[in-house]
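Trainee: Chains as they are written, first to last, in my numbering: chain A, 578 to 823; chain B, 6 to 162. I am attaching a structure below and will ask some questions about it afterwards.
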Amino acid sequence: MESTDQNLSKKERRELRRQEKLSQRDAVANKKRTSSVLLWSFIIIFVGGTIALMIGLMSKNSPTQFVAGAIKAASDNDQIKGAPLPEAKIVLIEYSDFQCPACRSYYPMVKKLSQEFPNLSVVYRHFPLPQHTNARPAAQAAEAAGQQGKFWEMHDVLFDNQQNWAESRTSQETFLGYALAFGLDIEKFKTDYDSSETKTKIEKDYQSGGRDINGTPTFFVNDKKIQNPQNYDEFRSLLEQIGRNP
Amino acid sequence: MTNLEASLNKSAAIPKWLPFCFLIFSAVGFADATYLTVKHFLGTPIPCAILQGCEQVTNSQFATVFGVPVALLGSFYYLTILILSVVYLDTRQFLALKLATSLTIFGFLASLWFVFLQVFIIKAICLYCMISATTSTLLFISGLIFWTKKQPPSPVS
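The structure is reproduced here in structure tokens:
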């Protein structure tokens, strides 16, 4: 028989061991909890940080700048909108492709600019990219409409409906439909559409771009190339600056 | 109880680095797809270049599915894999890894389709899209390793 004293101490020892085990388990659980909190906060910071970083990168507003490159000045052979050339304080020349989605995105901005600046001349020059199979036919349609004084009307309609004809095999019929809607002389339109004069004009525009243009749209303000503005406000503040100090 | 033991045994057979592969590849894929998504919604209109490249791909009609940009779907895909691998690392829930692995099959098939579109239909390569194709392929390979490791060796008679 063991003494009660020993029994007690045995009990105590057992109790002690149990407590030790418990606190050990607690410590393990605590450690696990901490590491899982750390893990999840790390992931949340990573995900949130990535999104914030990308948005920050994209919406960074830098003033539009002139870059190397100059272009042949506008003349009466060009398609011009807004102030007549001799009176214009600012001349904005755009090299554009009717089938290019980016040109389509800039088209409302340019339109708004020409409404906002009475002393601005907007010049459109054709730069149909080789990979856009309907860009040249669209340019021909615009020029043919131009022969009857409706170049800019056709220009607007082409951009407004770009997705309807861009990949179409019957784009020519679509263009004819637009011409009809403008009430153009359809026989003359057809002749002008295919005339060598029209094709030469487009080719001349394309060639005039030279090495300064490696994509569309490319803008020139008073014959000097600019970096494409990120949004309308940037575009406007650039023109305001030019308008103030010519 | 036996089920739990069995799954514990199975998870023990998975190499320790495998969940980290899922984690890293999906994180890279997520950053890449998010870049393209944000660009889609906020970026300046990407000019159409004579030398065809990214804009050719991201401007194409294949860049959106029912109006939803493919990049956004990609972001969600990688985020799901990322969260599942973190759930596994945190709770050792075998199911999370199993789910992530099944998802990688879809990611891989989608990538195959988009690489096919770029090479044969659009005929232009977008670097960011190729990075995504790479990460989803790596995820798929990690998934394959997972499937081979998770099966207990079959008894040879």
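We put the beta carbon where it would ideally sit given N, CA and C, even for glycine.
1. Roughly how many angstroms lie between the CA atoms of residue 823 of chain A and residue 658 of chain A, to the nearest whole one?
2. Under DSSP, the alpha helix (DSSP H) around residue 798 of chain A begins and ends at which residues?
3. So with CB distances below 9 Å, who are the chain B contacts of residue 674 of chain A?
4. Taking the C-alpha atoms as reference points, what is the distance between residue 81 of chain B and residue 40 of chain B?
5. What's the call for residue 791 of chain A, buried or exposed, on a 16-neighbour Cβ count within 10 Å?
6. Within 8 Å (strictly less), CB to CB, does residue 125 of chain B reach chain A?
7. Which parts of the region 97 to 161 of chain B are runs of the alpha helix (DSSP H), unbroken and 4 residues or longer, counting only runs that do not cross its ends?
8. What in chain A is Cβ-close to residue 44 of chain B, meaning under 7 Å?
9. Below 8 Å between beta carbons: does that hold for residue 4 of chain B and residue 91 of chain B?
10. Note down, in chain order, every chain B residue with its Cβ under 9 Å from the Cβ of residue 695 of chain A.
11. Do three or more CB pairs link the region 771 to 790 of chain A to the region 620 to 634 of chain A at distances below 8 Å?
12. Against chain A, with Cβ distances strictly below 8 Å, would residue 40 of chain B count as a contact?
13. In its own chain, which residues sit with a C-beta less than 6 Å from the C-beta of residue 26 of chain B, not counting the 5 before and 5 after it?
14. Kindly identify the DSSP beta-bridge partner or partners of residue 671 of chain A.
15. Find the residues of chain B that neighbour residue 632 of chain A, judging by a C-beta separation of less than 7 Å, and give them in chain order.
16. Based on the DSSP secondary-structure assignment, which residues constitute the bridge partners of residue 676 of chain A?
17. Under a three-way DSSP split, which group does residue 724 of chain A fall into?
18. What first and last residue would you give for the beta strand (DSSP E) that runs through residue 657 of chain A?
19. Do the CB positions of residue 800 of chain A and residue 660 of chain A come within less than 8 Å of each other?
20. Residues of chain A with CB closer than 7 Å to the CB of residue 94 of chain B, please, in chain order.
21. When burial is assigned at 16 or more other CB atoms within 10 Å of the CB, is residue 152 of chain B buried or exposed?
22. Verify whether the separation of the beta carbon atoms of residue 696 of chain A and residue 670 of chain A is less than 8 Å.
23. Taking C-alpha atoms, which residue in A:754, A:673, A:717 and A:733 lies nearest to residue 520 of chain A?
24. Would you tell me roughly how many angstroms separate the C-alpha atoms of residue 590 of chain A and residue 602 of chain A, rounded to the nearest one?
25. Quick check: residue 143 of chain B and residue 30 of chain B, are their CB atoms within less than 8 Å of each other?
26. Measure the C-alpha to C-alpha separation of residue 595 of chain A and residue 607 of chain A and round it to an integer number of angstroms.
27. Tell me the residue span of the beta strand (DSSP E) that contains residue 801 of chain A.
28. Locate the beta strand (DSSP E) running through residue 787 of chain A, then write down its first and last residues.
29. With distance defined between alpha-carbon atoms, name the residue in B:113, B:104, B:19 and B:128 nearest to residue 85 of chain B.
30. Is the region 708 to 722 of chain A close to the region 768 to 784 of chain A, with three or more CB pairs under 8 Å?
31. Within 10 angstroms of its Cβ, does residue 36 of chain B collect 16 or more other Cβ (buried), or is it exposed?
Mentor: From the atom records:
1. In the first sequence, residue 823 of chain A corresponds to position 246, counting from 1. In the first sequence, residue 658 of chain A corresponds to position 81, counting from 1. A caution first: residue 823 of chain A carries a pLDDT of 49, below 50, which makes its placement in the model unreliable, though a value can still be read off. The straight-line gap from Cα to Cα measures roughly 20 Å.
2. The residue labelled residue 798 of chain A in the question sits at position 221 within the first sequence. Element bounds for residue 798 of chain A: not the alpha helix (DSSP H) but the beta strand (DSSP E), 795 to 798.
3. The sequence position of residue 674 of chain A within the first sequence is 97, counting from 1. In chain order, 53 make up the part of chain B whose C-beta sits under 9 Å from the C-beta of residue 674 of chain A.
4. To locate residue 81 of chain B, count along the second sequence from 1; it is residue 76. To locate residue 40 of chain B, count along the second sequence from 1; it is residue 35. If I take the Cα positions, the gap works out to 13 Å.
5. As a working note, residue 791 of chain A is residue 214 in the first sequence. So residue 791 of chain A counts as exposed.
6. Within the second sequence, the letter at position 120 stands for residue 125 of chain B. Under the Cβ distance rule, residue 125 of chain B does not count among the residues neighbouring chain A, no pair being separated by less than 8 Å.
7. Scanning the region 97 to 161 of chain B for uninterrupted alpha helix (DSSP H) segments of 4 residues or longer gives 99 to 121 and 132 to 155, listed from N- to C-terminal end.
8. The sequence position of residue 44 of chain B within the second sequence is 39, counting from 1. Identification of chain A residues near residue 44 of chain B by a Cβ-Cβ cut-off of 7 Å yields 635, ordered along the chain.
9. Only positions 6 to 162 of chain B appear in the structure, and residue 4 of chain B is not among them; the question remains open.
10. Stepping through the first sequence from its first residue, residue 695 of chain A is reached at position 118. Contact note: residue 695 of chain A does not reach chain B at a C-beta cutoff of 9 Å; the least C-beta distance is about 26 Å.
11. Because the criterion of three Cβ pairs below 8 Å is not met, the region 771 to 790 of chain A and the region 620 to 634 of chain A do not touch.
12. Along the second sequence, read from residue 1 onward, the residue named residue 40 of chain B stands at position 35. Put simply, the CB of residue 40 of chain B is near chain A, with a gap under 8 Å to one of its CB atoms.
13. Here residue 26 of chain B refers to the residue found at position 21 when the second sequence is read from its first residue. If you ignore the 5 residues before and after residue 26 of chain B, its C-beta comes within less than 6 Å of the C-beta of 147, all in its own chain and listed in chain order.
14. Locating residue 671 of chain A in the first sequence gives position 94, where the first residue counts as 1. Per DSSP, A:701 and A:796.
15. What you label residue 632 of chain A is simply residue 55 of the first sequence in a count that begins at 1. Contact note: residue 632 of chain A reaches chain B through 43 and 47, using a C-beta cutoff of 7 Å and chain order.
16. As a first step, residue 676 of chain A must be located in the first sequence, where it is residue number 99. DSSP links residue 676 of chain A through a beta bridge to no other residue.
17. Counted from its first residue, the first sequence places residue 724 of chain A at position 147. In the three-state DSSP reduction, residue 724 of chain A falls in the coil class, being neither helix nor strand.
18. Taking the first sequence and counting its residues from 1, one reaches residue 657 of chain A at position 80. Secondary structure note for residue 657 of chain A: its beta strand (DSSP E) is the uninterrupted segment 656 to 659.
19. As a first step, residue 800 of chain A must be located in the first sequence, where it is residue number 223. As a first step, residue 660 of chain A must be located in the first sequence, where it is residue number 83. 8 Å or more divides the Cβ of residue 800 of chain A from the Cβ of residue 660 of chain A.
20. As a working mapping, residue 94 of chain B is identified with position 89 in the second sequence. Going along chain A in sequence order, the residues near residue 94 of chain B (Cβ under 7 Å) are 616.
21. Within the second sequence, numbered from 1, the residue matching residue 152 of chain B stands at position 147. Under this definition residue 152 of chain B is an exposed residue.
22. As a first step, residue 696 of chain A is located in the first sequence; it is residue number 119 there, counting from the start. As a first step, residue 670 of chain A is located in the first sequence; it is residue number 93 there, counting from the start. In this structure, the beta-carbon distance from residue 696 of chain A to residue 670 of chain A does not fall below 8 Å.
23. Beyond the ends of chain A as shown, which are 578 and 823, falls residue 520 of chain A; an answer cannot be given.
24. By 1-based counting over the first sequence, the position of residue 590 of chain A is 13. By 1-based counting over the first sequence, the position of residue 602 of chain A is 25. Taking C-alpha positions only, residue 590 of chain A is separated from residue 602 of chain A by approximately 18 Å.
25. Along the second sequence, read from residue 1 onward, the residue named residue 143 of chain B stands at position 138. Along the second sequence, read from residue 1 onward, the residue named residue 30 of chain B stands at position 25. Taking 8 Å as the cut-off, the Cβ atoms of residue 143 of chain B and residue 30 of chain B count as close.
26. Translated into positions along the first sequence, residue 595 of chain A becomes position 18. Translated into positions along the first sequence, residue 607 of chain A becomes position 30. Between the alpha carbons of residue 595 of chain A and residue 607 of chain A lies a gap of roughly 18 Å.
27. Along the first sequence, read from residue 1 onward, the residue named residue 801 of chain A stands at position 224. For residue 801 of chain A, the uninterrupted beta strand (DSSP E) run begins and ends at 801 to 803, by DSSP.
28. In the first sequence, residue 787 of chain A corresponds to position 210, counting from 1. No beta strand (DSSP E) contains residue 787 of chain A, which DSSP labels as neither H nor E.
29. Numbered from its first residue, the second sequence carries residue 85 of chain B at position 80. It is B:104.
30. Enough Cβ pairs lie closer than 8 Å, so yes.
31. Residue numbering aside, residue 36 of chain B sits at position 31 when the second sequence is read from its first letter. Buried, since its Cβ has 16 or more Cβ neighbours within 10 Å.
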